[in-house]
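K.L.:
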Amino acid sequence: MFKKILLPLLILLPFTAQAGVLGLDNEIKGEYNTDTSASTVTAQVGKTVGMYGLSVSADVDFDVMEFAYDGMDFKAEYDVLQLNNASIYVSSGLDTNWAMEDITLGMSIKF
Numbered sequence: 032m033f034k035k036i037l038l039p040l041l042i043l044l045p046f047t048a049q050a051g052v053l054g055l056d057n058e059i060k061g062e063y064n065t066d067t068s069a070s071t072v073t074a075q076v077g078k079t080v081g082m083y084g085l086s087v088s089a090d091v092d093f094d095v096m097e098f099a100y101d102g103m104d105f106k107a108e109y110d111v112l113q114l115n116n117a118s119i120y121v122s123s124g125l126d127t128n129w130a131m132e133d134i135t136l137g138m139s140i141k142f
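Numbering-wise (our numbering), the sequence shown opens with residue 32 and increments by one.
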C-alpha cells in the first residue's frame, strides 16, 4: 500500500507547493479499495476567482498512477444570502476527448 498510494503523494508534495506559490488551488487524493485491492491517486490543479459571493473555478484533473490527463472541470457558484454555508451552482467540464460533459445545476448546504 505504501508504494501504491503514499509514495506518489510524497513525491508530488513539492509540486503542489509550487502551485500554491503561483496562486493555484490544488488537491491530491489517494484512495485504496479494500474489496478490489485497487488504488488510485488523482490530482487537481486549478484556479478559483471570487467576488461578492460569486465564485468561478476551473481545474484540470490528472491520474497520477497512470500519468494521464482525466479532463477539465468548470464551476460557477453563488453563496445564497451571503451565509457562506448555502450555495447554488452550475458545473460542467471537458472529458479526455475534449467533448463537453453534462451540465449540472445544484444546491449545496454545508453544516
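Glycine residues also receive a C-beta, built at the ideal position from the N, C-alpha and C atoms.
#1: Rank THR79, PHE105 and MET96 by C-alpha distance to the C-alpha of THR135 and give the top, closest one.
#2: Name the residue from GLU62, ALA89 and THR73 whose alpha carbon lies nearest to the alpha carbon of GLY124.
#3: Output the distance between the C-alpha atoms of ALA69 and TYR109, rounded to the nearest integer angstrom.
#4: For GLY61, which of THR67, GLY54, THR71 and LEU55 has the nearest alpha-carbon?
#5: Reducing DSSP to helix, strand and coil, say where LEU55 ends up.
#6: Mind checking ALA74: buried by the 16 CB within 10 Å criterion, or exposed?
P.N.:
Taking the coordinates as given:
#1: Ranking THR79, PHE105 and MET96 by Cα distance to THR135 puts PHE105 first.
#2: Looking at GLU62, ALA89 and THR73, the one whose alpha-carbon comes closest to that of GLY124 is ALA89.
#3: Roughly 37 Å separates the two Cα atoms.
#4: With distances taken between Cα atoms, GLY61 lies closest to THR71.
#5: In the three-state scheme derived from DSSP, where H, G and I count as helix and E and B as strand, LEU55 is classed as coil.
#6: Classification of ALA74: buried, given that the 10 Å Cβ count is 16 or more.
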